[in-house]
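Trainee: Line by line, the protein sequences are chains P and Z. According to our numbering, the first sequence holds residues 28 to 247 in order. According to our numbering, the second sequence holds residues 77 to 328 in order. C-beta: ideal position from N, C-alpha, C; glycine also. Quick caveat, the model's predicted, so the values are computed rather than measured.
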Amino acid sequence: MTDSQQRHPRLAVLASPGTATATAVADKLRSGGWAVKTIGQDPDPGEINALLEGQEAIDALIYEPGLLDASDGINAGGVVGSLLKVVEQLRPHFRARGDGGARIVAISSRDGLGWPDRPHIAAAAGALTAVCRSLALQLGQDGATVNVVAALPPHGSILRDAGRPAGTHLREPEPLTPTPVTAEDIASTSEFFLDARSGYITGQVLYCCGGASLLSSLSV
Amino acid sequence: MRLNGKVAVITGAASGIGLAVAEDFAANGAKVVIADIAGDRAAETAKRITNNGGTAVGLAVDVTDREAVEALFKQTEVELGPVDILVNNAGISIDRGVRRITDEEWQRTIAINQTGVFLCSQAAATSMISRRTGRIINVSSRAWLGWFGQLAYSSSKGGVVSATRSLAIELAKYGITVNCLAPGLIDTPLLRREPQEVMDRLLRAQPMGSLGAANDVAWAARFFADPANNSVTGQVLYVCGGKSLYAQPSIN
Chain P
28 MTDSQQRHPR LAVLASPGTA TATAVADKLR SGGWAVKTIG QDPDPGEINA LLEGQEAIDA
88 LIYEPGLLDA SDGINAGGVV GSLLKVVEQL RPHFRARGDG GARIVAISSR DGLGWPDRPH
148 IAAAAGALTA VCRSLALQLG QDGATVNVVA ALPPHGSILR DAGRPAGTHL REPEPLTPTP
208 VTAEDIASTS EFFLDARSGY ITGQVLYCCG GASLLSSLSV
Chain Z
77 MRLNGKVAVI TGAASGIGLA VAEDFAANGA KVVIADIAGD RAAETAKRIT NNGGTAVGLA
137 VDVTDREAVE ALFKQTEVEL GPVDILVNNA GISIDRGVRR ITDEEWQRTI AINQTGVFLC
197 SQAAATSMIS RRTGRIINVS SRAWLGWFGQ LAYSSSKGGV VSATRSLAIE LAKYGITVNC
257 LAPGLIDTPL LRREPQEVMD RLLRAQPMGS LGAANDVAWA ARFFADPANN SVTGQVLYVC
317 GGKSLYAQPS IN
């Protein structure tokens, strides 16, 4: 499939508490010709019906639970439970395998490799990866792909430049590359996974962190 | 994701995945060097791309030969300009168990699959560092995780993963990203030679129940080659339909 042959407008559903990262993803997708509809992380049937109005199928789900922007209120059970519930509700409406299948992307955090001061985010990020790998296996026969973008908290996030974690001598991971990680970088990586041409890529984690993940043994 | 005007050297580009990458890059604006041990097929491929409106040069290279590799990059600079994107794709696979593989087979596999990545990356990095930009994409294989009868192949491809991570760390400060693709079962003429019962067995072990296409890998390569993609480096991306999630060695 070439760039010009992609279906327009494709429908992307963005499930997020509403963060700068989510806004960047929505902007990126809309500029690429997608129709983007947003829902909360615990949508009721009315919300689902409303977003399907006038649409034949859902092409993509972006699950952005706020791990890159939140300072508290994150718990792993809630994050993965919400994803599973949203997927269960949307699954009957996903684009069929014969028509290209659906794409699911979860936006997670490099903190899943472990980070002091943010164990709840780390736990949620780790759990999100495990759930997405399981969903990739579960939904593969449907032609749906499920992937993860694990990022450093981007430039401008309240989690950046937070100083040394209390009681440690450790310094916050920084990109090895010359430029900071931005919400737009995260959006571009998400867009890659959401593309119709990424149909043979599933269960994967791409770290969008300028190489800051590389020295963790969990990053391969 | 456009690669307008970027100079891309793709090794092993006269067939299979390398060919798909070259055609994809050329169709999206890159000036491509079809580098291949088979110089005549490289020239034919370049001619075909040129006839389709792209910009391509076909050059013969043995990636295990330092002088030949250095000549490749000098010639590239003369004909198209300094290299912006290197795709280390040239490789061989010799499937033989630990009791049967010979010294020569082991050394040849390591030389092409691993030393070739070293020599080409070294030659390209020199130019990329001076210009503070570049993209290196290494083609490993899902087989680096290990497989029956693939001691040499999986070892060499594991070396490619390690090389990717070390190069990414070393070159990041120069604005050069280095990433790795790990294809799984890709529909190629070589795979099609397998008996139907083997194909059926392989497909049963695929979570998505299908083979990939060389174009699937080319698309992922273009993502890593994208000049705007500054924050993804040192990554290993499996293009395998989920096979990397689901080891099932008992099927062999």
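What do you get for Ser307(Z), buried or exposed, if any count of 16 or more other CB atoms within 10 angstroms of its CB means buried?
Mentor: Answer is buried; the Cβ neighbour count reaches 16.
Trainee: Please report how far the alpha carbon of Leu203(P) lies from the alpha carbon of Gly238(P), in whole angstroms.
Mentor: The alpha-carbon atoms of Leu203(P) and Gly238(P) are separated by roughly 6 Å.
Trainee: Compute the Euclidean distance between the alpha carbons of Glu111(Z) and Ala214(P), then round it to the nearest angstrom.
Mentor: In the sequence under discussion, the amino acid at residue 111(Z) is Ala, which differs from the Glu named in the question. Those two C-alpha atoms are separated by around 34 Å.
Trainee: Cβ of Phe224(Z) within 8 Å of Cβ of Phe219(P)?
Mentor: No, Cβ-Cβ distance for Phe224(Z) and Phe219(P) is not below 8 Å.
Trainee: Short of 6 Å in beta carbon distance, which residues of its chain neighbour Ala244(Z), apart from the five on each side in sequence? Order them along the chain.
Mentor: The residues are Val254, Thr309, Gly310.
Trainee: What separation, rounded to the nearest whole angstrom, lies between the Cα atoms of Val83(Z) and Gly134(Z)?
Mentor: One C-alpha to the other measures close to 13 Å.
Trainee: Would you call Arg211(Z) buried or exposed, if buried means 16 or more other Cβ atoms sit within 10 Å of its Cβ?
Mentor: With 16 or more other Cβ atoms within 10 Å, it is buried.
Trainee: Spatial neighbours of Gly234(Z) within its chain, please: CB distance less than 7 Å, with the 5 preceding and 5 following residues excluded, ordered by chain position.
Mentor: Correct list, in chain order: Trp220.
Trainee: Using three-state DSSP, classify Val247(P) as helix, strand or coil.
Mentor: It is coil, neither helix nor strand.
Trainee: Is there at least one Cβ from chain Z nearer than 8 Å to Phe51(P)'s Cβ?
Mentor: Checking the sequence, you will find Ala at residue 51(P) rather than Phe. So, not an interface residue.
Trainee: If you count every other CB in all the chains shown that lies within 10 Å of the CB of Leu78(P), and 16 or more means buried, which is it?
Mentor: Buried.
Trainee: Chain Z partners of Ala163(P), CB-CB under 8 Å?
Mentor: Correct list: Pro283, Gly318, Leu321.
Trainee: Please state the DSSP three-state secondary structure of Ala90(Z).
Mentor: DSSP places Ala90(Z) in coil when its eight states are reduced to three.
Trainee: I'd like to confirm the pairing. Which residues does DSSP put opposite Tyr234(P) in its beta bridges?
Mentor: Tyr234(P) pairs with Ala177(P).
Trainee: When DSSP labels each residue in this structure, what does Ser136(P) get in the three-state scheme?
Mentor: Strand, per DSSP.
Trainee: Spatial neighbours of Lys64(P) within its chain, please: CB distance less than 8 Å, with the 5 preceding and 5 following residues excluded, ordered by chain position.
Mentor: Around Lys64(P): Leu38, Ala39, Val40, Leu41, Leu78.
Trainee: Starting from the beta carbon of Ser307(Z), find every residue of chain P whose beta carbon is closer than 7 Å, and list them in chain order.
Mentor: Under the 7 Å cutoff, chain P gives Pro202, Thr204, Val208, Asp212, Cys235, Cys236, Gly237.
Trainee: Would you say the stretch 179-193 of chain P touches the stretch 53-64 of chain P, given that touching needs at least three Cβ pairs under 8 Å?
Mentor: Flag = no, the stretch 179-193 of chain P and the stretch 53-64 of chain P do not touch.
Trainee: When you compare the CB of Phe219(P) with every CB in chain Z, is at least one pair closer than 8 Å?
Mentor: Judged by the 8 Å Cβ criterion, Phe219(P) is in contact with chain Z.
Trainee: Along chain Z, in chain order, which residues have C-beta atoms closer than 8 Å to that of Arg224(P)?
Mentor: Those are Asn291, Asp292, Trp295, listed as they occur along chain Z.
Trainee: For the stretch 97-130 of chain P, enumerate the residues whose C-beta is nearer than 7 Å to any C-beta of chain Z, in chain order.
Mentor: The stretch 97-130 of chain P vs chain Z, Cβ under 7 Å: nothing.
Trainee: Between Ala178(P) and Val158(P), which are expected to be in contact by the criterion C-beta below 8 Å, what is the C-beta distance as a whole number of angstroms?
Mentor: 18 Å between Cβ atoms; not a contact.
Trainee: What residues in its chain sit with their C-beta under 8 Å from that of Tyr322(Z), if we drop five residues either side in the sequence?
Mentor: Excluding residues within five positions, the ones whose Cβ falls inside 8 Å are Ala281, Pro283.
Trainee: By the 10 Å Cβ neighbour count, where 16 or more other Cβ atoms means buried, how is Ala200(Z) classified, buried or exposed?
Mentor: So Ala200(Z) counts as buried.
Trainee: Would you report the Cα separation of Thr140(Z) and Gly167(Z), rounded to the nearest angstrom?
Mentor: Taking the straight line from one Cα to the other gives about 11 Å.
Trainee: Round the Cβ separation of Ile131(P) and Val173(P) to the nearest angstrom and send it over; I've been treating them as touching at under 8 Å.
Mentor: Between Val173(P) and Ile131(P) the Cβ distance is about 4 Å, and since that is below 8 Å, they are a contact.
Trainee: Can you grab the Cα-Cα spacing for the pair Ser161(P) / Leu155(P), in whole Å?
Mentor: Going by the C-alpha atoms only, they are around 10 Å apart.
Trainee: From the beta carbon of Asn301(Z), is the nearest beta carbon of chain P less than 8 Å away?
Mentor: Per the sequence presented here, residue 301(Z) reads as Ala, with Asn not at that position. No - not a single Cβ of chain P is within 8 Å of the one on Ala301(Z).
Trainee: For the structure I just gave you, are there three or more beta carbon pairs, one from the stretch 91-99 of chain Z and one from the stretch 172-185 of chain Z, closer than 8 Å?
Mentor: With the cut-off at 8 Å, the stretch 91-99 of chain Z and the stretch 172-185 of chain Z do not touch.
Trainee: What residues from the stretch 232-249 of chain Z come within 8 Å of chain P, judged by C-beta to C-beta, listed N to C?
Mentor: Hits within the stretch, in order: Val237, Arg241, Ala244, Ile245, Ala248, Lys249.
Trainee: Is any beta-carbon of chain P found at less than 8 Å from that of Val133(Z)?
Mentor: No, because no Cβ of chain P sits closer than 8 Å to the Cβ of Val133(Z).
Trainee: With a 10 Å radius around its C-beta and 16 neighbouring C-beta atoms as the bar for buried, classify Gly130(Z) as buried or exposed.
Mentor: Label assigned to Gly130(Z): buried.
Trainee: Over the uninterrupted beta strand (DSSP E) stretch that includes Arg211(Z), give me the two end residues.
Mentor: Per DSSP, Arg211(Z) belongs to the beta strand (DSSP E) from 210-215.
Trainee: Count the other CB atoms, across all protein chains shown, that sit within 10 Å of the CB of Thr121(Z); report buried if there are 16 or more and exposed otherwise.
Mentor: With 16 or more Cβ atoms within 10 Å of its Cβ, Thr121(Z) is classed as buried.
Trainee: Excluding sequence positions up to five away, which residues of its chain have a Cβ less than 7 Å from the Cβ of Gly167(P)?
Mentor: So the list reads Thr229, once near-sequence residues are dropped.
Trainee: Judging by CA-CA distance, which residue of Pro158(Z), Gln151(Z), Arg268(Z) is the nearest neighbour of Gly81(Z)?
Mentor: Among Pro158(Z), Gln151(Z), Arg268(Z), the Cα nearest to that of Gly81(Z) is on Pro158(Z).
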